Each structure stands twice: as C-alpha cells, then as structure tokens.
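Notes follow the structure.
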Amino acid sequence: MSRSSNTYHQDITSRRKESFGEDFSRRIRENRPTRWVRFLLVMILFVLWVAWMGNWWLLLGGLLLFDIYITGYIPFTWWKRTKNGAVRGVMSWIDAIVYALILVYFLFAFIGQNYQIPSSSLEKTLYTGDYLFVNKTVYGPRVPMTPVYFPLVHNELPFGLGKSYLDKPSVTYKRLKGQRQIEAGDIVVFNFPAGDSVMSKVPNPDYYSLVAIHGRDRVLADKATFGELIYRPVDRRENYVKRCVGLPGQRLRISDGDIYIDGEKFLTPENVQFNHFYQAAGAPLSEEEFEEFGIPVDDRFSVDVSATDIPSLIELGFRISPDGSVPPIYVSPMTQAMVAKMEGSNRIAKVMKQIPSPESMVKLFPQAISDGWTRADYGGTDGIWIPKKGTALKMNRRAWDIYGRTIKVYENNPDAEWRDGKMWIGGKPVGYYTFKMDYYFMMGDNRDNSLDSRYWGFVPEDHIVGTPWRVLVSFDKDKSLLKGGIRWNRILKDANPDK
Numbered sequence: 001m002s003r004s005s006n007t008y009h010q011d012i013t014s015r016r017k018e019s020f021g022e023d024f025s026r027r028i029r030e031n032r033p034t035r036w037v038r039f040l041l042v043m044i045l046f047v048l049w050v051a052w053m054g055n056w057w058l059l060l061g062g063l064l065l066f067d068i069y070i071t072g073y074i075p076f077t078w079w080k081r082t083k084n085g086a087v088r089g090v091m092s093w094i095d096a097i098v099y100a101l102i103l104v105y106f107l108f109a110f111i112g113q114n115y116q117i118p119s120s121s122l123e124k125t126l127y128t129g130d131y132l133f134v135n136k137t138v139y140g141p142r143v144p145m146t147p148v149y150f151p152l153v154h155n156e157l158p159f160g161l162g163k164s165y166l167d168k169p170s171v172t173y174k175r176l177k178g179q180r181q182i183e184a185g186d187i188v189v190f191n192f193p194a195g196d197s198v199m200s201k202v203p204n205p206d207y208y209s210l211v212a213i214h215g216r217d218r219v220l221a222d223k224a225t226f227g228e229l230i231y232r233p234v235d236r237r238e239n240y241v242k243r244c245v246g247l248p249g250q251r252l253r254i255s256d257g258d259i260y261i262d263g264e265k266f267l268t269p270e271n272v273q274f275n276h277f278y279q280a281a282g283a284p285l286s287e288e289e290f291e292e293f294g295i296p297v298d299d300r301f302s303v304d305v306s307a308t309d310i311p312s313l314i315e316l317g318f319r320i321s322p323d324g325s326v327p328p329i330y331v332s333p334m335t336q337a338m339v340a341k342m343e344g345s346n347r348i349a350k351v352m353k354q355i356p357s358p359e360s361m362v363k364l365f366p367q368a369i370s371d372g373w374t375r376a377d378y379g380g381t382d383g384i385w386i387p388k389k390g391t392a393l394k395m396n397r398r399a400w401d402i403y404g405r406t407i408k409v410y411e412n413n414p415d416a417e418w419r420d421g422k423m424w425i426g427g428k429p430v431g432y433y434t435f436k437m438d439y440y441f442m443m444g445d446n447r448d449n450s451l452d453s454r455y456w457g458f459v460p461e462d463h464i465v466g467t468p469w470r471v472l473v474s475f476d477k478d479k480s481l482l483k484g485g486i487r488w489n490r491i492l493k494d495a496n497p498d499k
C-alpha cells in the first residue's frame with residue numbers, strides 16, 4: 001500500500017488553487033513509469049482473481065487500487081510527510097506488516113497454506129510432526145465463509161486472546177473452479193464435521209464425543225472441567241486429514257478390514273496399518289530394536305499377560321517359558337511390510353493380527369443401527385450409501401437414523417425431525433429428500449487407531465479444504481534436533497504418494 005514520494009505530495013498551499021480535473025490530471029502525470037508498471041501488474045492479478053470469483057461487481061475494487069497506486073486521494077501515506085521521525089519509523093513497520101498480512105490472507109484463502117500433522121491416523125504415509133503445504137486449487141478454493149479473520153491462526157488467537165475471526169459478516173458457501181474433483185484414494189484436508197460444537201476448555205474431542213463418554217448433563221454442568229459450549233462456523237472448525245475411500249453415490253462396506261465399494265474391493269494403500277500382537281523371543285525388545293522394526297514410542301503398548309489365562313495364550317500360539325513365565329507381548333499398528341520383517345526376525349516369536357471388538361465407549365456411526373459393527377466389519381450386509389447432490393432418497397426410519405444429522409445440520413434444515421413414522425421439515429411430511437451437497441467417506445491409513453467417518457459420519461463438500469502437496473519439513477518429537485529430530489529424507493517429499 002505504500003506510495004513513492006510523488007511530487008504532488010508537496011505542500012498544496014504553495015500552488016494556485018486547482019480544479020478537480022486539473023488536480024487529477026497532475027497526479028496522473030507526476031507518477032513515475034515504475035509506478036504505472038506496478039499498478040498494471042497488480043490490476044492484471046486483480047482482474048484474473050475477479051474472473052475466478054465470477055462476480056464482476058468486484059471490479060469496483062479496482063478504483064481503490066487506482067487511488068492507492070496512482071492518484072493518492074485517500075491519505076494512506078500521511079505519515080511519510082510528518083517531521084516526527086519516531087512516527088515515520090513506527091508507521092513504516094505497520095505499513096509493511098499490514099501489506100504482508102493482506103498478501104498472506106489471499107495466499108492462504110485461495111492458493112494454499114501450511115498444515116501440521118497432529119496425530120498418527122495416516123502414519124507411515126504422513127508422519128506425526130510433518131508440516132505440509134496444502135494445495136487449495138486442486139479441488140477449487142472455498143471462498144471464506146467468515147471473511148474477517150486473522151490469517152496466521154485458525155480459530156483461536158494465541159495467549160488466550162479469544163476468537164481469531166468475526167461471526168459476521170458471513171458468506172454463503174461457494175467453491176471456485178478447481179483442477180478436478182476428489183478422487184478415491186486422495187488424501188484430503190477438511191474441517192471436522194462434528195466440530196461444530198466444542199467445549200471451551202476441552203475442544204478435543206468434540207462436544208458429541210464428550211456427551212457419549214460422560215453424559216450431556218455432566219458436560220454442560222461441569223464448567224470447571226469442560227468450560228462453555230462453543231459453536232464454530234464451517235471454515236473455523238478444526239482441520240483434519242484423512243484418505244477419501246468413498247465418493248458421493250457409492251455404497252461402502254468393510255469386511256475383515258477390507259473396504260468394498262459397490263461390491264468391489266477397494267485398492268488398499270501400501271502403508272495401511274492394522275494393530276498386531278507380537279511377542280519377543282526372550283528378553284524385552286530394546287529401543288534400538290523397536291526403531292529397527294519402525295515402531296515409534298507412541299505406538300509401543302505392552303499387553304498385561306497376568307490378566308490372560310495361560311491356556312488361552314497357548315491356544316493363540318504365544319510362547320510360554322519352561323518356568324511358566326510369559327515373554328513380553330506387545331501390540332502396535334503395523335504395515336504388511338513391518339509384519340513380514342518381524343516374521344523373518346529371530347527376536348520375534350509370534351505375530352498375530354488383532355481382531356477388533358465392538359466399541360464400548362464411543363459407538364460407531366450411525367449410533368442408532370451400529371450395534372455389533374466393528375472398525376473391521378462395518379456397514380452390515382448392505383453397507384452405507386454415501387449421499388450425492390441431486391439424489392432423492394426415500395425416507396424411512398432406517399434412512400433417518402443414518403442421514404438425520406446430515407439433513408438437519410449439514411443441509412441446514414434445523415427443524416427436521418422424525419415423528420409419527422415420517423420425516424417432517426417446515427411443518428410438512430417429506431417422503432423423499434433430495435440432497436443439496438455431495439458427501440465423502442474418509443478414513444485413516446492407521447485403520448485401528450483413527451477416529452474417522454466410521455465414528456462421526458460423512459464429510460460434506462463445503463467442509464473440504466484441499467489436498468496435501470509436499471512435506472515442507474518434518475520433526476520427530478521423540479528425538480532431539482541434533483540427534484535425528486529432523487527427518488531430512490522427508491523434506492519436499494510427495495504428501496500423497498499413492499496417487
């Protein structure tokens with residue numbers, strides 16, 4: 001926004017009084033050629049952005065750019081004419097910071113931004129501690145729904161200063177033209193759908209998970225532990241990253257850990273992990289041995305063998321020492337390559353895949369019909385149909401149990417309800433419901449340790465942020481910076497290697 005020192009900034013009291021037309025012409029003439037070049041470059045980018053937005057009324061903003069770069073009627077650079085050196089020094093810094101923040105705002109909103117992998121749900125594909133550049137242009141950037149926000153943070157300002165955005169004004173969901181649609185197998189960054197409601201002191205897990213664990217009355221009453229209930233708009237909900245395994249209009253079912261889409265087996269990514277039990281042949285595994293097998297500190301869990309009958313362990317094939325003691329047994333998520341490495345090692349006596357049991361604390365989605373389902377056997381006989389924009393679905397009780405929250409919350413029908421054997425919207429019974437958006441089914445590659453669509457359901461299209469492009473840098477939190485803490489081999493690595 002800063003302007004060069006143009007001669008028309010001289011004290012106008014030394015000039016004869018000019019008409020507006022004369023003053024306007026003089027201001028244009030007295031700009032240097034370099035100033036015009038800068039203005040034209042900015043205007044070209046601005047016009048291209050307006051065309052991308054598809055709203056030609058935005059071209060009126062070009063008048064402001066013309067004044068900033070050429071005519072200077074709005075005194076943005078008043079501080080350059082002050083004789084106070086301190087004021088000039090402070091304002092020059094403020095001017096540079098504001099200019100940088102505006103550039104960052106548009107870069108983050110329409111091109112891409114950095115993102116940190118906080119958990120191990122995609123471990124071995126993306127590592128905890130990876131810092132990614134997320135490309136928003138692939139699927140088309142989403143126009144900010146809460147356009148007034150501080151661009152360097154997501155939803156909370158640092159140091160407990162409160163929200164980083166204003167709830168108003170708000171903008172209706174719109175996505176600009178991208179390079180392509182989401183494809184099966186894509187790794188996708190999206191806003192957490194169930195993150196519309198969180199508790200101020202315990203934002204993770206979300207409000208609905210906390211209610212499932214502790215009960216609604218306690219969560220809302222125990223403000224010392226949980227704080228206040230907070231609503232977050234779509235684009236201010238927490239960012240998640242998972243792999244898309246189900247597209248709009250497809251039917252998904254999981255059997256023995258394998259995903260089936262419309263009856264066909266989904267191609268399993270190379271780095272998919274499942275929990276496995278494994279027993280050391282003798283002494284406990286050392287730190288070096290765990291590292292050799294590729295098992296990070298957070299994934300090393302010891303099994304309490306004292307709680308298991310010896311005959312049961314023998315029946316499962318685990319080794320019992322002659323003195324009746326049981327060599328250490330562990331459980332960790334592992335890829336097939338890791339399992340093969342253990343099976344070929346004389347330090348491992350037994351490797352066995354864990355068989356998931358029905359969840360006891362947080363039920364799978366949809367809670368009303370998921371009794372008996374597990375992470376590895378999900379969707380029942382018929383599977384789960386993923387909603388597709390423009391498709392009309394007959395509404396019976398089972399359909400309401402599966403899609404009720406989708407219709408009520410994501411499709412913005414807050415008064416939707418099921419009563420008298422029918423779905424009601426706007427006080428009228430609705431026999432068929434036509435979906436307004438596309439939806440996706442997302443899962444982590446760490447299949448037995450990922451909170452994903454199996455727990456909280458579909459991801460609406462208006463929650464999609466982008467897809468990871470490259471790993472910018474990666475830090476191993478279990479090591480110091482000088483002793484392997486930086487994963488040099490991951491810098492600029494493809495963040496979506498299976499595509």
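According to the numbering used here, the sequence shown is numbered sequentially starting from 1.
Positions of the beta carbon are idealized from the N, C-alpha and C atoms, including for glycine.
As the structure is a prediction and not an experimental result, all values here were calculated from the model.
Residue i, enclosing beta strand (DSSP E) - first and last residue
{"i": "Trp-36", "result": "No beta strand (DSSP E) contains Trp-36, which is instead part of the alpha helix (DSSP H) from 33-53."}
{"i": "Gln-113", "result": "112-116"}
{"i": "Phe-150", "result": "Premise fails: Phe-150 is in no beta strand (DSSP E) and is neither H nor E."}
{"i": "Ile-295", "result": "Premise fails: Ile-295 is in no beta strand (DSSP E) and is neither H nor E."}
{"i": "Arg-470", "result": "464-474"}
{"i": "Asp-130", "result": "130-135"}
{"i": "Ala-495", "result": "Premise fails: Ala-495 is in no beta strand (DSSP E) and is neither H nor E."}
{"i": "Ala-392", "result": "392-394"}
{"i": "Val-198", "result": "197-199"}
Bounding residues of the alpha helix (DSSP H) (the contiguous stretch that carries residue i)
{"i": "Asp-217", "result": "216-221"}
{"i": "Ser-453", "result": "453-456"}
{"i": "Ser-25", "result": "20-29"}
DSSP three-state assignment for residue i, whether helix, strand or coil
{"i": "Asn-6", "result": "Because Asn-6 carries a pLDDT of 48, less than 50, the predicted location of this residue cannot be relied on, and the following value inherits that uncertainty. The answer is coil: DSSP assigns Asn-6 none of H, G, I, E or B."}
{"i": "Trp-373", "result": "coil"}
{"i": "Met-352", "result": "strand"}
{"i": "Tyr-165", "result": "strand"}
{"i": "Leu-416", "result": "The displayed chain sequence assigns Ala, not Leu, to residue 416. The answer is coil: DSSP assigns Ala-416 none of H, G, I, E or B."}
{"i": "Lys-177", "result": "coil"}
{"i": "Asn-346", "result": "coil"}
{"i": "Phe-190", "result": "strand"}
{"i": "Lys-363", "result": "coil"}
{"i": "Phe-66", "result": "helix"}
{"i": "Tyr-514", "result": "Here the chain comprises residues numbered 1 to 499, so residue 514 is not present and cannot be evaluated."}
{"i": "Pro-358", "result": "coil"}
{"i": "Ile-486", "result": "strand"}
{"i": "Val-87", "result": "helix"}
{"i": "Ile-407", "result": "helix"}
{"i": "Ile-102", "result": "helix"}
{"i": "Phe-76", "result": "coil"}
{"i": "Val-202", "result": "strand"}
{"i": "Val-459", "result": "strand"}
{"i": "Ile-384", "result": "strand"}
Outcome for residue i when other beta-carbon atoms lying within 10 angstroms are tallied against a minimum of 16
{"i": "Gly-160", "result": "exposed"}
{"i": "Asp-445", "result": "buried"}
{"i": "Ser-332", "result": "buried"}
{"i": "Ile-464", "result": "buried"}
{"i": "Asn-489", "result": "exposed"}
{"i": "Leu-64", "result": "exposed"}
{"i": "Val-148", "result": "exposed"}
{"i": "Leu-364", "result": "buried"}
{"i": "Glu-411", "result": "buried"}
{"i": "Leu-41", "result": "exposed"}
{"i": "Ala-528", "result": "With the chain covering only 1 through 499, there is no way to say anything about residue 528."}
{"i": "Gly-195", "result": "buried"}
{"i": "Pro-248", "result": "buried"}
{"i": "Arg-142", "result": "buried"}
Any non-hydrogen atom of the ligand ZN closer than 7 Å to residue i Cβ
{"i": "Met-395", "result": "Looking at this structure, you won't find the ligand ZN or any other ligand, since it has none at all."}
Within 8 Å, do at least three Cβ pairs link the segment 96-105 to the segment 424-433? no
Please give me, in chain order, every unbroken run of the beta strand (DSSP E) with length at least 3 that falls completely inside the segment 419-447. Scanning the segment 419-447 from its first residue to its last, the whole beta strand (DSSP E) runs of 3-plus residues come out as 422-425, 428-430, 432-434 and 439-443.
Per the contact definition of three or more C-beta pairs closer than 8 Å, is the segment 418-427 in contact with the segment 197-204? In short, these stretches do not touch, since the Cβ pair count stays below three.
Closer than 8 Å is the cut-off here; do at least three beta carbon pairs connect the segment 216-223 with the segment 182-189? no
Segment contact, 8 Å Cβ cut-off, at least three pairs: the segment 115-132 with the segment 77-87: no
Secondary structure, alpha helix (DSSP H): runs of 4+ residues fully inside the segment 229-286: none
Whether or not the segment 254-268 and the segment 225-243 are in contact is what I'm after, with contact meaning three or more pairs of Cβ atoms, one per stretch, closer than 8 Å; do they touch? no
Unbroken stretches of the beta strand (DSSP E), 3 residues or longer, contained in the segment 308-342: If only complete runs of 3 or more residues are kept, the segment 308-342 shows the beta strand (DSSP E) at 329-334, in order along the chain.
So does the segment 376-390 actually touch the segment 246-264, counting three or more Cβ pairs closer than 8 Å? yes
Count the C-beta pairs between the segment 271-291 and the segment 445-454 that are closer than 8 Å, then say yes if the count reaches three, no if not. yes
With three or more beta-carbon pairs closer than 8 Å as the criterion, would you say the segment 392-409 touches the segment 366-376? Here the segment 392-409 lies against the segment 366-376, with 3 or more beta-carbon pairs under 8 Å apart.
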